[in-house]
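Participant:
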Amino acid sequence: MADYPPNEIIDMVMVLGECHNNYRAAARLYVERFPLRRRPNHMTTRRLTERARGGHLTRERRRHEYNETDPRVVTVLAAIHLDPHISSRRIEREIGIPRRTALRILRNLKYHAYHITLLRQNRGAGRVRANVEERILEVFEENPRNSIRRVAHTLGISPYAVHRTLRENGLHPYHFQRVQQLLARDEEPRICFCEGIFIIFIKYFRCFFLKKY
1 MADYPPNEII
11 DMVMVLGECH
21 NNYRAAARLY
31 VERFPLRRRP
41 NHMTTRRLTE
51 RARGGHLTRE
61 RRRHEYNETD
71 PRVVTVLAAI
81 HLDPHISSRR
91 IEREIGIPRR
101 TALRILRNLK
111 YHAYHITLLR
121 QNRGAGRVRA
131 NVEERILEVF
141 EENPRNSIRR
151 VAHTLGISPY
161 AVHRTLRENG
171 LHPYHFQRVQ
181 QLLARDEEPR
191 ICFCEGIFII
201 FIKYFRCFFL
211 KKY
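Per UniProt numbering, the sequence shown runs over residues 1 to 213.
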C-alpha cells in the first residue's frame, strides 16, 4: 500500500493533539476535516503518528542483508551448485523460497540468474542464400521488366530480399514509364492544332480589346 505523504501525517499529528491522544476520535475527526483524502483507521493513525514522533515522516525501506550463515542463502547456493541451470521459479516451486528472495540473494552475492537463449541453427544458410540470389538474377535476366513483387511471389521470398539482391549486384528495379512517341505522320496534325489554337487566341483578344476600347 502506498505510504502517506508527510503533510498528511503532520495533519494527523495535529488532529491527534486536538483529540488529546485519542486515536479513535482523531481518526474520525481527520476524516471529517479532510473528506477528500484517504481514510485511515485508528491503527493507521497510531502507527503513522508514532513514526512521526520518532523523526521519520517517510517510510524507511529495510535493506535485506544476506550472508553465508543464512539458511536461505545456503539452500539457494546448494540448489545452484547441484543444477547451475535452475531458475528462480523452480527454486520457489521445489524449495519453497520465494522467487524475489532468491533473486535478491543472488544479486547480493554477485550472482546472476540463469537465462536460456534459444537460437535457430542455420546449416548451409550461405549456400541456400547463394542459390536464391542466382535464381533472382536469372529471372531478371530472362525478363528485365519483371517487378520485385512478381519475382518475390514467384520464388516465395520477401520483396526485401529481391530488392537487396538487386542492390548488392548494382542493379535497379524496372519501372515502366509511359511517354509520348512522335512519328513522322504526326507533324502535320500538330501544326494544324497549333494554328487553330493561335487563331482562337487572336480572335479572343481581338474581341476583348474591341469591347474595352
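Where is the CB? At the ideal position from N, CA and C, for every residue including glycine.
Under DSSP, the alpha helix (DSSP H) around residue 153 begins and ends at which residues?
Facilitator: 148 to 155
Participant: So, at 7 angstroms on beta carbons, what are the nonlocal neighbours of residue 72 in its own chain, with the 5 sequence-adjacent residues on each side left out?
Facilitator: 97, 101, 105
Participant: Measuring only the C-alpha atoms, how far is residue 109 from residue 95?
Facilitator: Straight-line Cα distance between these residues: approximately 19 angstroms.
Participant: Inspect the CB distances between the stretch 6 to 16 and the stretch 47 to 56 and report whether three or more fall short of 8 angstroms.
Facilitator: yes
Participant: Using only alpha-carbon positions, find the residue among 36, 55, 31 that is nearest to residue 44.
Facilitator: 31
Participant: Could you tell me whether the Cβ atoms of residue 27 and residue 40 are closer together than 8 angstroms?
Facilitator: The Cβ atoms of residue 27 and residue 40 lie closer than 8 angstroms to each other.
Participant: For the stretch 16 to 104, which segments carrying the alpha helix (DSSP H) assignment without a break, of at least 4 residues, lie completely within its bounds, in sequence order?
Facilitator: 23 to 33, 42 to 53, 71 to 82, 88 to 94
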